[in-house]
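Okay, so here's the structure we're looking at.
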């Protein structure tokens, strides 16, 4: 049972444009959400998180939006850069940042 | 940011042997560490939660006698894959909980991940 889903396995965006990565979840007990970036054969690197008491969190080029009623969150990267090319995982947790449930990942490719 | 290391980074072993993977938090103390495995093009799956000084908590479907976890200190957790078989070949990643400073200030709860260990069982 995949409680966190990323329905787009891949996304291609031109440099300078906005990248929008989507994530859906089914467990209404999740109250904390995180986005990670991962390169092949490396561990995930934390990007940004959001608590369920908020609907938006912004950090530099990265903004995460949370729609609790739709059980949907998205990561916006603007402007996109070639170095952003990686696999992006969303993750969810209950009661803070412990015990993460990961989505299946979206491969982002930022083209010149 | 905090650093978590794993050793070895990759290992090839014969079927039936045991393999130990170390996870260290280098600049902070972690009372809780997590072990994940990732199959190619799939998500990270939590295997167990490692608690310092006590028994690990395993996720459903994970054999605790096959994947032995020891968290003897606040900076070290080990995962031993006992009697490894080819189906155990995977990418194993550990993480430790902590807080991180955001680019625009403010602190956020997260987990710091190790670089992972690639295990290939022949």
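Protein chains in written order, with my numbering: chain A, 1096 to 1207; chain B, 11 to 132.
Every residue gets a Cβ at the ideal spot worked out from N, C-alpha and C, and that includes glycine.
C-beta contact flag for residue i and residue j at 8 Å
i, j, result
"residue 1187 (chain A)", "residue 1128 (chain A)", "yes"
"residue 1200 (chain A)", "residue 100 (chain B)", "no"
"residue 1173 (chain A)", "residue 1113 (chain A)", "yes"
"residue 1122 (chain A)", "residue 1167 (chain A)", "no"
"residue 22 (chain B)", "residue 1138 (chain A)", "no"
"residue 45 (chain B)", "residue 64 (chain B)", "no"
"residue 1126 (chain A)", "residue 1189 (chain A)", "yes"
"residue 1193 (chain A)", "residue 107 (chain B)", "yes"
Min CB distance residue i to chain B below 8 Å
i, result
"residue 1178 (chain A)", "no"
"residue 1064 (chain A)", "Past the boundaries of the shown model lies residue 1064 (chain A); chain A is included only from 1096 to 1207, so the question cannot be answered."
"residue 1184 (chain A)", "yes"
"residue 1105 (chain A)", "no"
"residue 1162 (chain A)", "no"
"residue 1175 (chain A)", "no"
"residue 1147 (chain A)", "no"
"residue 1144 (chain A)", "yes"
Nearest-angstrom Cβ-Cβ length linking residue i and residue j, presumed shorter than 8 Å
i, j, result
"residue 105 (chain B)", "residue 43 (chain B)", "7 Å"
"residue 35 (chain B)", "residue 85 (chain B)", "5 Å"
"residue 129 (chain B)", "residue 91 (chain B)", "7 Å"
"residue 1161 (chain A)", "residue 1143 (chain A)", "Not really, about 11 Å apart at Cβ, beyond 8 Å."
From the options, residue whose alpha carbon lies closest to that of residue i
i, options, result
"residue 30 (chain B)", "B:65, B:58, B:52, B:78", "B:78"
"residue 94 (chain B)", "B:26, B:13, B:16, B:21", "B:26"
"residue 89 (chain B)", "B:15, B:32, B:13, B:17", "B:32"
"residue 96 (chain B)", "B:13, B:21, B:132, B:82", "B:132"
"residue 1147 (chain A)", "A:1124, A:1138, A:1157, A:1196", "A:1124"
"residue 62 (chain B)", "B:98, B:83, B:120, B:123", "B:83"
"residue 1170 (chain A)", "A:1189, A:1190, A:1203", "A:1203"
"residue 1108 (chain A)", "A:1119, A:1197, A:1175", "A:1175"
"residue 1177 (chain A)", "A:1106, A:1206, A:1099", "A:1206"
"residue 127 (chain B)", "B:81, B:98, B:121, B:40", "B:98"
"residue 1184 (chain A)", "B:37, B:51, B:38, B:28", "B:51"
"residue 120 (chain B)", "A:1141, A:1151, A:1179, A:1152", "A:1141"
"residue 1163 (chain A)", "A:1157, A:1133, A:1135, A:1119", "A:1119"
"residue 1105 (chain A)", "A:1111, A:1193, A:1115", "A:1115"
Below-8 Å beta-carbon distance, residue i vs any chain A residue
i, result
"residue 8 (chain B)", "Missing from the structure shown is residue 8 (chain B); chain B here goes from 11 to 132 and no further."
"residue 52 (chain B)", "yes"
"residue 34 (chain B)", "no"
"residue 63 (chain B)", "no"
"residue 70 (chain B)", "no"
"residue 56 (chain B)", "yes"
"residue 123 (chain B)", "yes"
"residue 59 (chain B)", "yes"
"residue 128 (chain B)", "yes"
Quick one: which residues of the region 1110 to 1142 of chain A get their C-beta closer than 8 Å to a C-beta of chain B? List them in chain order. Per Cβ criterion, the list reads 1127, 1129, 1131, 1136, 1137, 1138, 1139, 1140, 1141.
Taking beta-carbon pairs under 8 Å, can you tell me which members of the region 1187 to 1200 of chain A lie near chain B? Those would be 1191, 1192, 1193, 1194, 1195, 1196, 1197, 1198, 1199, 1200, in chain order.
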